[in-house]
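Undergrad: Right, I'll just put the structure down here and ask away after.
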Amino acid sequence: MKGKRHGIEVSIALADAVKLCDADVIAAYPITPQTHIVEHLAELVAEGELDAEYIPVESEHSALSACLGSAAAGARTFTATAGQGLELMHEVLYVASGMRLPIVMAVANRALSAPLSVWGDHSDAMAVRDTGWIQIFTENGQEVVDQIICAFKIAEHHKVLLPVMVHLDGFNLSHVIEPIEMPDQQDVCSFAPHNRSPLTLHPNHPVAMGDFAPPVVFTEAKWAQEQAMLSVKPTIIEVWDEFARKFGRPYKPVECYKCDGAKNLLFTMGSFSETAMTAVDKLRQAGVDIGLVRLRLWRPFPFEEFRAAVKDAETLLVLDRCISSGGPGGPVASELKSALYNLDKKPKVVSFVGGLGGRDITVAGFEKIIVDGLELAEKGQERIFEIVGVRE
Amino acid sequence: MAKSENELTWKDIEIGAAVIEPGSAAAYRTGDWRSQRPTYDFSRCLKCGICFVFCPEGCIRQNQKGFFEANPYYCKGCGICAYECPTRVIVMREEEEK
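Protein chains in written order, with full-length UniProt numbering: chain X, 1 to 392; chain F, 1 to 98.
Structure representation (structure tokens):
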């Protein structure tokens with residue numbers, strides 16, 4: 001089912017994908033670099049192209065609260081945010097996942113103040129990794145569109161019923177114009193039909209949501225939620241497989257590039273992966289033994305797939321776009337280390353933090369990370385993590 | 001509620017921990033954090049029902065003899081009934097005391 005590819009800004013394409021999914025309610029507060037997404041959705045609603053309720057709110061906290069209500073009533077609900085906005089939503093994120101509401105949110109990843117920065121960074125995504133939302137990282141514009149469509153199907157699936165965040169790097173992805181193939185409306189409707197939650201607010205079937213739980217039952221409630229989170233991975237893979245059959249683009253939780261037989265692996269998430277691939281290509285030609293592993297699914301963390309991808313590697317170089325302040329460097333690196341800790345045979349992990357607040361890492365930058373990382377792995381790392389390109 | 005809150009397993013929890021049975025809060029032992037409980041000397045009781053009116057927990061009922069008494073399953077021990085009682089029927093005592 002091949003459509004026509006045309007140049008379009010990724011934010012606009014994302015909003016069009018939400019339209020293709022026929023969202024019922026959109027509540028969002030514009031924040032850079034997410035603004036174009038909700039601006040375009042507001043236009044689509046105003047022009048009658050999308051039959052949805054667009055709720056103007058006074059803050060991100062209210063935006064997600066409005067989404068909470070509409071999702072509880074059974075409406076297909078979308079919102080988008082970034083950086084500080086995601087932090088302002090923070091407490092409501094727990095309510096949405098605890099109440100098992102299938103909200104879909106696009107996050108145009110941005111650094112967190114201070115100093116004020118509107119540019120790309122994964123600090124916002126990492127700060128909300130324990131809120132019970134499914135988190136998917138995207139690499140390019142096409143993937144953003146595809147993952148938004150999949151996100152609605154995943155979130156509303158009867159075996160899932162959890163909110164989903166689709167992460168796209170601020171500016172690096174949100175504001176670039178890429179050739180994107182927009183799926184056909186008919187195909188999207190048949191792929192991701194509106195799947196009503198079995199438990200919604202309705203006058204004829206009264207139900208109380210998010211109720212008070214005393215200590216004697218809170219653990220059980222959280223474990224029930226955690227069991228749901230732990231069991232969604234097969235469903236996500238099933239949805240991605242179905243997407244591949246219908247639209248011809250396959251997606252996996254962990255992807256490997258030139259990993260076969262590679263002793264050294266570089267690990268990335270988000271839009272840096274394509275730059276890193278070019279660096280891997282160049283170094284491979286120069287005879288360096290290097291492959292690339294990239295993670296698409298961050299929550300729930302795909303432990304088996306990740307362990308399988310690195311099982312033959314000796315060195316794993318990890319790039320984090322976030323600092324876990326006063327901690328082990330990057331949150332991703334520390335997570336990967338903990339995923340490997342109990343294995344007998346595991347690669348040595350070298351942790352890098354870089355690309356903060358929109359700092360670009362070029363192909364040459366990645367080549368340097370790889371070369372330096374391999375050297376550090378050999379002679380041993382003195383620091384807990386290395387910071388990329390900082391001026392001393 | 002079919003099971004008391006002590007017997008609920010995680011598998012019994014509804015999706016999103018929703019409560020689908022109206023009035024099920026009656027099954028929760030809200031009196032278990034009480035540090036003081038009301039005790040009664042009914043010889044002075046006028047059966048006026050002022051304690052019943054003021055009880056914020058709504059846990060006071062008339063017993064078979066017509067005296068008003070708090071249900072310890074729900075009574076949080078706030079002492080408002082003892083404060084409002086015009087004839088000092090009710091005295092708050094520490095939980096450990098007899």
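Every residue, glycine too, gets a C-beta built ideally from N, C-alpha and C.
#1: Rounded to whole angstroms, how far is the Cβ of residue 28 of chain X from the Cβ of residue 80 of chain X, which I believe are closer than 8 Å?
#2: CB residue 227 of chain X to CB residue 98 of chain X, shorter than 8 Å?
#3: Shorter than 8 Å from the beta carbon of residue 57 of chain F to some beta carbon of chain X?
#4: Considering only residues of the same chain and omitting the five flanking positions on each side of residue 8 of chain X, which have a CB-CB separation below 6 Å?
#5: I need the DSSP call for residue 329 of chain X, collapsed to helix, strand or coil.
#6: Tell me whether residue 43 of chain F is buried or exposed, calling it buried when 16 or more other Cβ atoms sit within 10 Å of its Cβ.
#7: Hey, is the segment 28 to 38 of chain F in contact with the segment 61 to 68 of chain F, meaning 3+ C-beta pairs nearer than 8 Å?
#8: Tell me whether residue 267 of chain X is buried or exposed, calling it buried when 16 or more other Cβ atoms sit within 10 Å of its Cβ.
#9: Evaluate residue 81 of chain F with the Cβ neighbour count: other Cβ atoms within 10 Å of its Cβ, from every protein chain shown; 16 or more gives buried, anything less gives exposed.
#10: List in chain order: all unbroken alpha helix (DSSP H) runs of 4+ residues lying wholly within the segment 198 to 276 of chain X.
#11: Quick one: is residue 206 of chain X near chain F, going by C-beta distance under 8 Å?
#12: Per DSSP, residue 36 of chain F is paired with what?
#13: For residue 28 of chain F, go through chain X and note every residue whose CB falls closer than 8 Å to its CB, in chain order.
#14: Using a Cβ-Cβ distance cut-off of 8 Å, determine whether residue 299 of chain X contacts chain F.
#15: Give the straight-line distance between the Cα atoms of residue 298 of chain X and residue 191 of chain X, rounded to the nearest whole angstrom.
#16: Would you please verify whether the beta carbon of residue 22 of chain F is less than 8 Å from any beta carbon of chain X?
#17: Spell out a yes or no on whether the segment 7 to 15 of chain F and the segment 337 to 346 of chain X are touching, meaning 3 or more CB-CB pairs, one atom from each, closer than 8 Å.
#18: Would you please state the rounded distance, in angstroms, between the beta carbons of residue 101 of chain X and residue 68 of chain X? I believe it to be under 8 Å.
#19: Would you mind working out which of X:371, X:217 and X:264 sits nearest residue 7 of chain F, comparing C-alpha positions?
#20: Any residues in the segment 179 to 199 of chain X with a beta carbon nearer than 9 Å to a beta carbon of chain F? Which ones, in chain order?
#21: Which residue spans inside the segment 8 to 34 of chain X form an unbroken alpha helix (DSSP H) run of at least 4?
#22: Answer yes or no: do residue 373 of chain X and residue 317 of chain X have a C-beta to C-beta separation smaller than 8 Å?
#23: Between residue 31 of chain F and chain X, is the shortest Cβ-Cβ distance under 8 Å, so that the two count as touching?
#24: Who are the neighbours of residue 92 of chain X on chain F, taking C-beta pairs under 8 Å?
#25: DSSP three-state call for residue 65 of chain F: helix, strand or coil?
#26: Might you give, ordered along the chain, the residues of its own chain that have their beta carbon closer than 6 Å to the beta carbon of residue 321 of chain X, omitting 5 neighbours on each side?
#27: On a Cα-Cα basis, can you pick out the residue from X:251, X:348 and X:369 that is closest to residue 378 of chain X?
#28: Does the CB of residue 223 of chain X have a neighbour CB from chain F at under 8 Å?
#29: Starting from residue 135 of chain X, trace the beta strand (DSSP E) in both directions and tell me its first and last residue.
#30: Between residue 19 of chain F and residue 363 of chain X, which are expected to be in contact by the criterion C-beta below 8 Å, what is the C-beta distance as a whole number of angstroms?
#31: Between the beta-carbon of residue 174 of chain X and the beta-carbon of residue 38 of chain X, is there less than 8 Å?
#32: By the 10 Å Cβ neighbour count, where 16 or more other Cβ atoms means buried, how is residue 149 of chain X classified, buried or exposed?
#33: Which residues mark the beginning and the end of the beta strand (DSSP E) in which residue 178 of chain X is found?
#34: Which same chain residues end up closer than 6 Å to residue 26 of chain X when comparing Cβ atoms and leaving out the 5 residues on each side of it in sequence?
#35: Would you mind reading off the limits of the beta strand (DSSP E) that contains residue 398 of chain X?
#36: Drop a sphere of 10 angstroms on the beta-carbon of residue 335 of chain X, count the other beta-carbons inside from all chains shown, and report buried for 16 or more, exposed for fewer.
TA: Working from what's here:
#1: At roughly 5 Å, the Cβ-Cβ gap stays under 8 Å, so residue 28 of chain X and residue 80 of chain X are in contact.
#2: Going by C-beta atoms, residue 227 of chain X is not nearer than 8 Å to residue 98 of chain X.
#3: Residue 57 of chain F does not count as touching chain X.
#4: Contacts found: 180.
#5: In the three-state DSSP reduction, residue 329 of chain X falls in the strand class (E or B).
#6: Classification for residue 43 of chain F: exposed.
#7: Cβ pair count under 8 Å is below three, so no.
#8: Around the beta carbon of residue 267 of chain X, 16 or more other beta carbons sit within 10 angstroms, so the residue counts as buried.
#9: It counts as buried.
#10: Residue ranges of uninterrupted alpha helix (DSSP H) with 4 or more members, entirely inside the segment 198 to 276 of chain X and ordered along the chain, are 215 to 230 and 233 to 247.
#11: Yes, residue 206 of chain X counts as interfacial toward chain F.
#12: Looking at the DSSP assignment, residue 36 of chain F forms a beta bridge with F:94.
#13: Taking the beta carbon of residue 28 of chain F as reference, the chain X residues within 8 Å of it are 214, listed in sequence order.
#14: Answer no: the Cβ-Cβ gap between residue 299 of chain X and chain F never drops below 8 Å.
#15: One C-alpha to the other measures close to 24 Å.
#16: Judged by the 8 Å Cβ criterion, residue 22 of chain F is in contact with chain X.
#17: Using a C-beta cut-off of 8 Å, the segment 7 to 15 of chain F makes no contact with the segment 337 to 346 of chain X, since fewer than three inter-stretch Cβ pairs fall below that distance.
#18: About 6 Å; that satisfies the 8 Å criterion.
#19: For the residues X:371, X:217 and X:264, the minimum Cα distance to residue 7 of chain F belongs to X:217.
#20: Those would be 197, 198 and 199, in chain order.
#21: Listed in chain order, they are 10 to 20.
#22: Yes, they are a contact pair.
#23: Not one chain X Cβ lies under 8 Å of residue 31 of chain F.
#24: Near residue 92 of chain X there are no residues of chain F at all, since even the closest Cβ is about 14 Å away, more than 8 Å.
#25: DSSP places residue 65 of chain F in the coil class of the three-state scheme, outside both helix and strand.
#26: Cβ within range, chain order: 121, 122 and 355.
#27: It is X:348 whose Cα lies nearest to the Cα of residue 378 of chain X.
#28: Interface flag for residue 223 of chain X against chain F is set, since a Cβ pair is found closer than 8 Å.
#29: 134 to 137 is the span of the beta strand (DSSP E), which, as asked, contains residue 135 of chain X.
#30: Not really, about 56 Å apart at Cβ, beyond 8 Å.
#31: The criterion of a C-beta distance shorter than 8 Å is not satisfied by residue 174 of chain X and residue 38 of chain X.
#32: That one is buried.
#33: Residue 178 of chain X: member of the beta strand (DSSP E) spanning 177 to 181, first to last residue.
#34: Result list for residue 26 of chain X: 41, 52, 54 and 78, in chain order.
#35: The requested residue 398 of chain X is not part of the displayed model; chain X covers only 1 to 392.
#36: If you draw a 10 Å sphere on the C-beta of residue 335 of chain X, you find 16 or more other C-beta atoms in it, and that means buried.
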